[in-house]
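*Asks:* Residue numbers (our numbering): 113 to 683.
Note that beta-carbon positions come from the ideal geometry of N, C-alpha and C, so glycine has one too.
In this text, all values refer to a predicted model and were calculated from it rather than measured experimentally.
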Amino acid sequence: MATKTYDAIVIGSGITGGWAAKELTEKGLDVLLLEAGKNIDPNKDYSEHKMPYDVKYRGLTDVKFMEENYPVQRQCYACREYNHHLFVNDKENPYTTPADKPYLFLRGRHVGGRSIMWGRQVYRWSDLDFLANEKDGIAIPWPVTYKDIEPWYDYVETFVGISGMKEGLPQLPDGKFLKPMAMSCGERIMRQKIGEKWRGQRVVTIGRTAILTEDHKGRAACHYCGPCEQGCITRSYFSTLNSTLPAAQATGRLTLRPHSVVRGLIYDKDSNRVSGAYVVDGVSKQELEVKGKIVFLCASTLESARILLNSANPRYANGLANSSGVLGHYLMDHLYGSGASGEFPGLEEYPDLGRRPNGIYIPRFQNLKGKDAKYLRGYGFQGGSHRAGYLGGFQLPSLGSSLPPGFGASLKEAMKEPGGWSMSLSGFGECLPDQRNKVEINKTMTDKWGIPAMHITADWYENDQTMYDEIRDVGAEMLEASGCKNVRTFGESKPAPPGKGIHEMGTARMGNDPKTSVLNKWNQTHDIKNLFVTDGSFMVSSGCQNPSITYMAFTARAANYAVEQMKKGEL
Ligand SMILES: Cc1cc2nc3c(=O)[nH]c(=O)nc-3n(C[C@H](O)[C@H](O)[C@H](O)COP(=O)(O)OP(=O)(O)OC[C@H]3O[C@@H](n4cnc5c(N)ncnc54)[C@H](O)[C@@H]3O)c2cc1C
Ligand code: SF4
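Pasting the structure below:
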């Protein structure tokens, strides 16, 4: 294996690695896909149809085991007794932070990466986002505009299958949608009341989600079983395993190698190119070398930066392709953790929608035309309206879930009765790029495979805090305007630690100037032309939309560019 030179090596098989593998193989390249973690067998590893009685702790988890092995991952809402094997073992994958600045690096390590557990919410960016840095004089300008990316959004969405509703909003461009999921009655009332009160400025729409509402490209429509973070045997939501990997495999040009932990990239100083990767076998811990003509780094924002920093050599002493010195810096996440909830009276005669795996979305409405808020940029809301009680009785339990009151016979009686309607709204805010937020290499700690670990420093600053505080009050205001009662705000005085939004991005930003950016507008490193980085590392600002569809669009675009350049003999 070490002797074969592949046309391309893709590192990481998550959302972006799956796309790189699909695009490069479909365009004729012989591709080696390296994945640090194990293979996934949907028949054994997916658990979306398991019931509480199928697992030892009835869904409430072995708290001691989780505290010992998954102290970080257990803080993710999606990490449960049913699926903790889809999250990394924190003991084997350590990292450090300053004592007063916790960072939650929430992730998986297996074929498919976080595409198996992700929340599937997809929202396009607009020029409000791509032009924001330039307009505000923050960080550096994006080297692309919406016009450059729009065809690639179209392209990836057509393959992925996104359900959603067209709204014609300039700040949230419509996409290629399958039919939308239905809104519950509480959500429909909110859409109407908010629409009336803010006359189109604030809009309540159904979540745009990478879940099929119709059969699509050989995959079955969703049957609303509910806990998607545990896998999907009918392949109804988009993941590497459900979508891009089968497409890449169908070409006959993909070699997938799980248990392949990339320690660093092989650099050839004579040609100033990368020629492959140093891989530690995840099981035997033996090191091997693999060779490729081009390399696509898709190991996720923090891990890709770590690989480049760990690949330092005499020519690039501060990290490979880091002549700018910005590699590892400008780490961002979304501001998360504050919002409001309330009761929705008067809807008792209406049934709930069951386990619809989606909620509603309120696109950003602040600072759209000029500055009308106390901070820069803005936030959107995600949330939903449901019935408690009856539904609660059938929910997969988790600590803190709202079950009907009572025990034994009285609990069973109570479960027959549908409870009241409630509504909640939770904000996702844009975080400004800041040089102080960064990932470095910890010089004294290694992971289970002997590879130097990360030291992550990230915090929230004034703009974030001001926005975070407003989210609570505005969420409550909109619930009240919709007719909710007993409205309560939630969220600690400070935002949840960075990382909790699970949208880390920005450690190898793109730009036109090689002195201030790592990548050019094609996700190609300025320094080494056969090296591409297409996970969230390239992001120059964070928007407030869930970012993965943007990563997919840029990855497909970069792969197309790389193959064109190869064909022209320029790579
Ligand atoms: C619970 C949850 C909910 C989320 N909800 C949403 C959402 O609604 N919308 C949205 O847009 N995003 C969401 N996200 C975020 C989304 O999952 C990520 O943005 C996306 O997966 C990033 O893609 P990626 O390819 O960069 O990384 P990943 O999908 O994390 O894949 C990286 C892969 O690289 C592998 N790897 C790492 N290091 C190495 C190495 N050294 N050698 C070889 N392989 C390596 C990993 O094992 C992994 O398989 C959510 C995430 C989680 C966990
Ligand atoms: S996408 Fe639909 S069918 Fe698949 S796990 Fe989620 S709810 Fe179930």
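Who are the near neighbours of T137 in its chain, counting only those whose CB is closer than 7 Å to its CB and skipping five residues on each side?
*Replies:* Here the question's residue 137 lines up with position 25 in the sequence shown. The answer, listed in chain order, is V143, A360, T363, R365 and L366.
*Asks:* Considering only heavy atoms of ligand 2 and the C-beta of each residue, which residues fall inside 6 Å, strictly closer?
*Replies:* Result: E160, I323, C334, H335, Y336, C337, G338, C340, C344, T346, S348, Y349 and P469.
*Asks:* So, at 8 Å on beta carbons, what are the nonlocal neighbours of K168 in its own chain, with the 5 sequence-adjacent residues on each side left out?
*Replies:* The sequence position of residue 168 within the sequence shown is 56, counting from 1. Cβ neighbours of K168 beyond the five flanking positions: D174 and E193.
*Asks:* Would a C-beta distance cut-off of 8 Å place W572 and P545 closer than the cut-off?
*Replies:* In the sequence shown, the residue the question calls residue 572 occupies position 460. In the sequence shown, the residue the question calls residue 545 occupies position 433. No, they are not a contact pair.
*Asks:* Output needed for L324: all residues of its chain with C-beta closer than 8 Å, excluding positions within five of it in sequence on either side, in chain order.
*Replies:* Sequence index remark: in the sequence shown, residue 324 carries index 212 (1-based). Correct list, in chain order: G273, S275, L290, R331, A332, A333, C334, S348 and Y349.
*Asks:* Kindly list the residues whose CB is nearer than 6 Å to the CB of G149, restricted to its own chain and excluding five residues on each side of it in sequence; keep chain order.
*Replies:* Residue 149 sits at position 37 when you count from the first residue of the sequence shown. R221 and H222.
*Asks:* Just the C-alpha distance for T89 and N479, rounded to the nearest angstrom, thanks.
*Replies:* Within the shown structure, residues of the chain are numbered from 113 to 683, placing residue 89 beyond reach of any answer.
*Asks:* Does ligand 1 have a heavy atom nearer than 7 Å to the CB of L302?
*Replies:* One-based indexing of the sequence shown puts residue 302 at position 190. Reading off the sequence, residue 302 comes out as Met, not Leu. Outside the cutoff, so no.
*Asks:* Looking only at its chain, what residues have a beta carbon closer than 6 Å to the beta carbon of S536, apart from the 5 residues adjacent to it on each side?
*Replies:* Within the sequence shown, residue 536 is the residue found at index 424, counting from 1. Excluding sequence neighbours, S536 sits near S453 and G495.
*Asks:* In terms of residue numbering, what span does the beta strand (DSSP E) encompassing E341 cover?
*Replies:* As a first step, residue 341 must be located in the sequence shown, where it is residue number 229. First-last for E341: undefined, no H or E at that position.
*Asks:* Going by other Cβ atoms of all chains shown within 10 Å of its Cβ, with 16 needed for buried, is E415 buried or exposed?
*Replies:* What you label residue 415 is simply residue 303 of the sequence shown in a count that begins at 1. It is buried - the Cβ of E415 has at least 16 other Cβ atoms within 10 Å.
*Asks:* Ignoring anything shorter than 3 residues or poking outside the segment 447 to 481, list the beta strand (DSSP E) runs there in chain order.
*Replies:* The segment 447 to 481 contains these whole beta strand (DSSP E) runs: 447 to 456 and 472 to 474.
*Asks:* Beta-carbon within less than 8 Å of P439's beta-carbon, same chain only, minus the 5 sequence neighbours each way: which residues are those?
*Replies:* For the purposes of this step, residue 439 is identified with residue 327 of the sequence shown, where counting begins at 1. According to the sequence displayed, residue 439 carries Leu and not Pro. Hits under 8 Å: A417, L420, L421, N430, G431, A433, T619, A620 and V630.
*Asks:* Say the cut is 7 Å; is the CB of V122 nearer than that to a heavy atom of ligand 1?
*Replies:* As a first step, residue 122 is located in the sequence shown; it is residue number 10 there, counting from the start. The answer is no for V122.
*Asks:* Between T208 and H567, which are expected to be in contact by the criterion C-beta below 8 Å, what is the C-beta distance as a whole number of angstroms?
*Replies:* Here residue 208 is taken as the residue at index 96 of the sequence shown, counted from 1. Here residue 567 is taken as the residue at index 455 of the sequence shown, counted from 1. Rounded, the Cβ-Cβ distance is 5 Å, consistent with contact.
*Asks:* In three-state DSSP terms, what is V374?
*Replies:* By one-based count along the sequence shown, residue 374 stands at place 262. In this structure, V374 counts as strand in the three-state DSSP scheme.
*Asks:* Would you call the segment 315 to 324 and the segment 481 to 490 touching, i.e. three or more CB-CB distances under 8 Å?
*Replies:* Short answer: they don't touch.
*Asks:* Kindly confirm or deny that the segment 455 to 462 and the segment 279 to 299 touch, where touching means at least three C-beta pairs closer than 8 Å.
*Replies:* Segments in contact, yes.
*Asks:* Give the DSSP-derived three-state secondary structure of P626 in the structure shown.
*Replies:* Position 514 of the sequence shown, counted from the first residue, corresponds to residue 626. Reduced to three states, the DSSP call for P626 is coil.
*Asks:* Thinking just about the alpha-carbon of each residue, which of A670, M163 and T569 is nearest to the one in N642?
*Replies:* As a first step, residue 642 is located in the sequence shown; it is residue number 530 there, counting from the start. Out of A670, M163 and T569, A670 has the C-alpha closest to the C-alpha of N642.
*Asks:* Please state the DSSP three-state secondary structure of M678.
*Replies:* For the purposes of this step, residue 678 is taken as the residue at position 566 of the sequence shown. Helix, per DSSP.
*Asks:* Going straight from the alpha carbon of I261 to that of T646, what length do you get?
*Replies:* Looking up residue 261 in the sequence shown gives position 149. Looking up residue 646 in the sequence shown gives position 534. For I261 and T646, the distance between alpha carbons rounds to 14 Å.
*Asks:* Verify the contact flag: Y215, CB atom, against every heavy atom of ligand 1, threshold strictly below 7 Å.
*Replies:* Taking the first residue of the sequence shown as position 1, residue 215 is located at position 103. Checking every heavy atom of ligand 1 against the Cβ of Y215, none is found closer than 7 Å.
*Asks:* Starting from T569 and walking both ways along the beta strand (DSSP E), at which residues does that stretch end?
*Replies:* The sequence position of residue 569 within the sequence shown is 457, counting from 1. Here the beta strand (DSSP E) through T569 covers P564 to T569.
*Asks:* Cβ of I563 within 8 Å of Cβ of R375?
*Replies:* Looking up residue 563 in the sequence shown gives position 451. Looking up residue 375 in the sequence shown gives position 263. Their beta carbons are under 8 Å apart, which means I563 touches R375 by this criterion.
*Asks:* Go through the segment 564 to 615 residue by residue and report every complete run of the alpha helix (DSSP H) that reaches 4 residues or more, in order.
*Replies:* With a minimum length of 4 residues, the continuous alpha helix (DSSP H) runs that stay inside the segment 564 to 615 are 574 to 594.
*Asks:* Can you check whether the CB of D445 is closer than 8 Å to the CB of H615?
*Replies:* As a position in the sequence shown, residue 615 is number 503, starting the count at 1. As a position in the sequence shown, residue 445 is number 333, starting the count at 1. Cβ atoms of H615 and D445: closer than 8 Å.
*Asks:* Might you give, ordered along the chain, the residues of its own chain that have their beta carbon closer than 6 Å to the beta carbon of P610, omitting 5 neighbours on each side?
*Replies:* Position 498 of the sequence shown, counted from the start, is the residue given in the question as residue 610. Y215, D445 and A570, listed in sequence order.
*Asks:* Are the beta-carbon atoms belonging to F408 and A668 less than 8 Å from one another?
*Replies:* Looking up residue 408 in the sequence shown gives position 296. Looking up residue 668 in the sequence shown gives position 556. Cβ atoms of F408 and A668: not closer than 8 Å.
*Asks:* Beta-carbon within less than 6 Å of P253's beta-carbon, same chain only, minus the 5 sequence neighbours each way: which residues are those?
*Replies:* In the sequence shown, the residue the question calls residue 253 occupies position 141. Answer for P253: N245 and E246, listed in chain order.
*Asks:* Start and end of the alpha helix (DSSP H) containing W271?
*Replies:* Residue mapping note: residue 271 aligns to position 159 of the sequence shown, counting from 1. The question names Trp, but residue 271 in the sequence shown is Phe. From DSSP, the alpha helix (DSSP H) with F271 extends over Y258 to V272.
*Asks:* Mapping DSSP to helix, strand and coil, what is S649?
*Replies:* As a position in the sequence shown, residue 649 is number 537, starting the count at 1. S649: helix per DSSP, three-state reduction.
*Asks:* Nearer than 7 Å: is that true of the beta carbon of E147 relative to any heavy atom of ligand 1?
*Replies:* The residue you call residue 147 lines up with position 35 of the sequence shown. Yes, ligand 1 has a heavy atom inside 7 Å of this Cβ.
*Asks:* Along the chain, where does the beta strand (DSSP E) containing A120 start, and where does it finish?
*Replies:* Along the sequence shown, one-based indexing puts residue 120 at 8. Run containing A120: T117 to I123, per the beta strand (DSSP E) assignment.
*Asks:* Buried or exposed, going by whether 16 or more other CB atoms sit within 10 Å of the CB of L508?
*Replies:* Residue mapping note: residue 508 aligns to position 396 of the sequence shown, counting from 1. For L508, the predicted model reports a pLDDT of 49, less than 50, meaning its position is unreliable; a value from the coordinates is still stated below. L508 is buried by the Cβ-count criterion.
*Asks:* In chain order, what residues of the same chain have a beta carbon less than 8 Å from the beta carbon of F666, not counting five sequence neighbours either side?
*Replies:* Taking the first residue of the sequence shown as position 1, residue 666 is located at position 554. I261, W264, N635, T646 and F650, listed in sequence order.
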